[in-house]
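K.L.:
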Amino acid sequence: MLYVSTRGEAPTLGFADAMLAGLARDGGLYVPAAWPRLDADAIAAFAGRPYAEVAVEIIRPFVGDAIPEGDLARMTREAYGRFRHPAVAPLVQFGMSDFILELFHGPTLAFKDLAMQLLGHLMDEVLTTRGERTT
């Protein structure tokens, strides 16, 4: 998958380069050049599956061939296996139509754990593959 800057003045990048760049050179954010779609049947098939497995299915189109699927599956298991709830982000019902999505079961008890725990694994994988490392 290719990523473009929201400001339109930076070069188009693949997943790995866009992830490591953070912001585009023109100050924009990198977003997919074309957004993948999930149909209703694919979404329905997520019901009852472990969070890490669903994460692989959703993230795979954004990663493309930058990371092999088996490695991506391992990274999601490692990232979300550290959460304190088996559902990772359980949806709790209060009353007939009131729900709360609990986003505090990660290692730092903050909502950001849902993204940042996996991002660390993705960055390490890409850097290791390139023979690079962070300082």
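Heads up, the sequence shown is in the numbering used here, so the first residue is 56 and it goes up one at a time. Ideal Cβ placement from N, Cα and C applies to all residues, glycine included.
Considering only C-alpha positions, which residue in the set M151, M74, P66, H140 is nearest to D81?
P.N.:
The residue you call residue 81 lines up with position 26 of the sequence shown. D81 has its Cα closest to that of P66, out of M151, M74, P66, H140.
K.L.:
Between the Cα of D94 and the Cα atoms of L156, L84, I113, E108, which residue gives the shortest distance?
P.N.:
In the sequence shown, counting from the first residue as 1, residue 94 sits at position 39. The shortest Cα separation from D94 among L156, L84, I113, E108 belongs to I113.
K.L.:
Using the three-state DSSP reduction, which class does G69 fall into: helix, strand or coil?
P.N.:
Within the sequence shown, numbered from 1, the residue matching residue 69 stands at position 14. G69: strand per DSSP, three-state reduction.
K.L.:
Rounded to the nearest angstrom, how far is the Cβ of L173 from that of A134, given a contact under 8 Å?
P.N.:
Walking along the sequence shown from the start, residue 173 turns up at place 118. Walking along the sequence shown from the start, residue 134 turns up at place 79. Confirmed, Cβ separation roughly 4 Å.
K.L.:
Taking V143 as part of the beta strand (DSSP E), name the residues at either end of that continuous run.
P.N.:
Working through the sequence shown from its first residue, we reach residue 143 at position 88. From DSSP, V143 is part of no beta strand (DSSP E); its letter is neither H nor E.
K.L.:
For P87, which residues in the same chain have their Cβ closer than 7 Å to its Cβ, ignoring the five residues on either side in sequence?
P.N.:
Against the sequence shown, residue 87 aligns to sequence position 32. Same-chain partners within the cutoff: M56, Y58, F117.
K.L.:
From the DSSP output, in three-state form, read off L156 for me.
P.N.:
Sequence index remark: in the sequence shown, residue 156 carries index 101 (1-based). The answer is strand: DSSP assigns L156 an E or B state.
K.L.:
I think M130 touches E180, with their Cβ atoms under 8 Å apart; what is that distance to the nearest whole Å?
P.N.:
As a working mapping, residue 130 is identified with position 75 in the sequence shown. As a working mapping, residue 180 is identified with position 125 in the sequence shown. About 7 Å; that satisfies the 8 Å criterion.
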